[in-house]
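A.B. asks: Questions regarding the structure given below will be posed in turn.
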Amino acid sequence: MALNQAEQEILERKTARWVYEQGRGVTAKEVARRFRLHVHTARLVIHGIMKRTDGIRCELLGTYELTAKGLRLVKYFSVIYLPDEYQPADRRKG
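Per this note's numbering, residue 200 is the first one in the sequence shown, and the count goes up by one each step.
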């Protein structure tokens, strides 16, 4: 699913806010499931959020988890700080 620039920006903003509200690290697979995207597209959205220079502070943490085939690297993306313009209008006033 190819996204134009406007769709990409809207999806990045929605994703950043959702991840921030989760309060924990999420995987690209969780983002893909939540927004009905392909996993690769979700990774591109996460990468776009990390490249933004509008005040979002985020973190990508990699851990090894044990699977039936052995250890596998799993990356968890989290948003630590979200600027006021990403907050809903009712939260900005208070």
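Glycine included, C-beta positions come from ideal geometry on N, C-alpha and C.
Quantities reported herein were computed from a predicted structural model and do not represent experimental measurements.
1) Taking Cβ positions, are Phe276 and Val238 nearer each other than 8 Å?
2) Might you give, ordered along the chain, the residues of its own chain that have their beta carbon closer than 7 Å to the beta carbon of Leu281, omitting 5 neighbours on each side?
3) Smallest Cα separation from Asp253: which of Tyr263, Glu208, Leu202 and Leu265?
4) Closest by CA to Glu258, which one among Ala288, Arg223, Leu270 and Leu243?
5) Looking at the secondary structure, which residues open and close the alpha helix (DSSP H) in which Lys254 lies?
6) Exposed or buried, which one is Ile279 when buried takes at least 16 other CB atoms within 10 Å?
7) In terms of residues, what are the limits of the beta strand (DSSP E) holding Val278?
8) Quick one: using the 10 Å Cβ neighbour count with 16 as the cut-off for buried, is Glu284 buried or exposed?
C.D. replies: According to the data block:
1) Residue numbering aside, residue 276 sits at position 77 when the sequence shown is read from its first letter. Residue numbering aside, residue 238 sits at position 39 when the sequence shown is read from its first letter. Against a cut-off of 8 Å, the Cβ pair of Val238 and Phe276 comes out as no contact.
2) By 1-based counting over the sequence shown, the position of residue 281 is 82. Hits under 7 Å: Ala215, Arg216, Tyr219 and Ile255.
3) Your numbering for residue 253 matches position 54 in the sequence shown. Of the candidates Tyr263, Glu208, Leu202 and Leu265, the one whose C-alpha sits nearest the C-alpha of Asp253 is Glu208.
4) Counting from one through the sequence shown, the residue named residue 258 turns up at place 59. Of Ala288, Arg223, Leu270 and Leu243, the residue nearest in Cα terms is Arg223.
5) For this step, residue 254 is matched to residue 55 along the sequence shown. Sequence inspection shows Gly at residue 254; the Lys mentioned does not correspond to that position. Per DSSP, Gly254 belongs to no alpha helix (DSSP H) and is neither H nor E.
6) The count along the sequence shown starts at 1 and reaches residue 279 at position 80. Ile279 is exposed by the Cβ-count criterion.
7) By one-based count along the sequence shown, residue 278 stands at place 79. That run of the beta strand (DSSP E) goes Gly269 to Tyr280.
8) Within the sequence shown, residue 284 is the residue found at index 85, counting from 1. It counts as exposed.
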